[in-house]
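Each residue of the sequence shown is one higher than the one before, starting from 217 at the first, in my numbering.
Just so it is clear, CB atoms sit at the ideal spot from N, CA and C, and this is done for glycine as well.
Note that the structure is a prediction, hence the values are computed from the model and not measured.
Notes to accompany the following structure.
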Amino acid sequence: MMSICAPPEGKGFFKRSSGDLAEGPENPRAEAVVHRLDKGTSGVLLLAKTSTAASCLRQQFKERKVRKTYFAVIRGGLTGPMTVTSCIGRLHSDRRRMQSARQIWSVHASATHAVAGKLRGAVTLFKPLTFNGKWSVVLASPVTGRTHQIRLHLQMLKTPIIGDPLYGDASTTSAFLASSTARKSGSRSVLCSAHRIADAHQRSLNKGFCGDFHRPLLHAAELCCVHPTTTDTLRVCAPLPPDMRQAMDIVDPLWPTIPELTPFAEGPQ
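If you want it as structure tokens, here you go:
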């Protein structure tokens with residue numbers, strides 16, 4: 217097996233999503249793909265080198281033995297660690313989008329008529345990292361592996377991911393960008409020396425700041441599984457890409473001082 221760090225959309229890796237690798241019955245690369253990342257999501261992606269490894273890894277995903285941890289930059293804040301559970305399905309009217317049964321029933325008489333295919337259970341664990349009064353950085357750990365489930369669950373909480381074209385809105389992204397130049401001072405009580413360090417960090421990031429975000433600010437930071445050959449516990453981490461670093465710095469200029477904790481150490485139960 218091998219792991220790669222998928223860059224944000226538009227960096228020359230995937231045209232649409234990691235699912236592109238698995239398209240077509242004659243595609244020799246299809247066997248290698250054991251899981252997928254949404255279009256625009258950066259971070260850890262596992263690939264299998266052999267059919268045996270692929271089978272082992274897929275079984276771990278099926279049995280929910282793989283622990284996945286994501287960083288997300290969102291509007292608003294969470295009140296604390298929480299678990300979101302819902303049944304979700306793909307909409308007939310817009311097959312790009314997933315929607316929960318509760319959202320569908322609020323519009324349609326029958327959820328089964330509104331979705332293309334079955335409704336499937338989706339469970340996501342969330343943990344807030346930092347909140348500046350308007351924007352947050354949170355950790356998300358999907359217990360299930362449904363399409364768009366982190367993005368949809370955050371929309372259901374009314375805290376959509378910044379830059380999400382399907383489950384967020386352009387006005388939120390614009391407001392977030394505006395806040396990068398009008399960040400309120402004094403929101404946290406810190407030492408002056410820490411402020412100077414943060415200012416220096418901000419200036420270094422601004423040198424490469426593109427001034428816009430063209431994808432959901434969601435990053436697959438860590439994946440833990442059992443190695444298919446050695447049976448050792450494997451922990452694979454992906455560094456934050458520049459746009460995520462910039463966005464997290466907008467939320468909290470001192471975010472690099474936040475300990476990088478494994479948020480759900482015991483894994484999903």
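Spatial distance of residue i from residue j (CA atoms)
{"i": "Leu-370", "j": "Lys-284", "result": "16 Å"}
{"i": "Leu-335", "j": "Phe-392", "result": "33 Å"}
{"i": "Glu-438", "j": "Phe-287", "result": "9 Å"}
{"i": "Arg-306", "j": "Ser-316", "result": "9 Å"}
{"i": "Gly-349", "j": "Ile-304", "result": "30 Å"}
{"i": "Gln-495", "j": "Phe-429", "result": "Missing from the structure shown is residue 495; the chain here goes from 217 to 485 and no further."}
{"i": "Gly-259", "j": "Ser-309", "result": "30 Å"}
{"i": "Trp-351", "j": "Pro-297", "result": "16 Å"}
{"i": "Lys-374", "j": "Cys-441", "result": "32 Å"}
{"i": "Glu-279", "j": "Ser-395", "result": "42 Å"}
Per-residue burial, residue i [other beta carbons within 10 Å of its own, 16 or more giving buried]
{"i": "Lys-265", "result": "exposed"}
{"i": "Gln-275", "result": "exposed"}
{"i": "Thr-446", "result": "exposed"}
{"i": "Arg-461", "result": "buried"}
{"i": "Asp-380", "result": "buried"}
{"i": "Met-218", "result": "exposed"}
{"i": "Arg-257", "result": "The displayed chain sequence assigns Thr, not Arg, to residue 257. That one is buried."}
{"i": "Thr-389", "result": "buried"}
{"i": "Ala-269", "result": "buried"}
CB-CB length for residue i against residue j, believed under 8 Å
{"i": "Ile-378", "j": "Ala-463", "result": "7 Å"}
Minimum C-alpha distance to residue i - residue among the options
{"i": "Arg-311", "options": "Thr-346, Thr-301 and Leu-382", "result": "Leu-382"}
{"i": "Pro-444", "options": "Ser-267, Thr-346, Ser-387 and Pro-458", "result": "Ser-267"}
{"i": "Val-249", "options": "Ser-258, Leu-262 and Gly-256", "result": "Leu-262"}
{"i": "Lys-281", "options": "Pro-223, Thr-360, Thr-295 and Cys-453", "result": "Thr-360"}
{"i": "Pro-223", "options": "His-435, Ile-466, Asp-448 and Leu-470", "result": "His-435"}
Boundaries of the beta strand (DSSP E) in which residue i is found, first to last residue
{"i": "Thr-285", "result": "283-291"}
{"i": "Phe-347", "result": "336-347"}
{"i": "Pro-358", "result": "351-358"}
{"i": "Arg-461", "result": "From DSSP, Arg-461 is part of no beta strand (DSSP E) but of the alpha helix (DSSP H) over 458-467."}
{"i": "Ala-437", "result": "434-442"}
{"i": "Ile-220", "result": "218-222"}
{"i": "Ser-302", "result": "298-306"}
Chain C within 8 Å of residue i, Cβ atoms only
{"i": "Cys-441", "result": "The structure shown contains no chain C, having only a single protein chain."}
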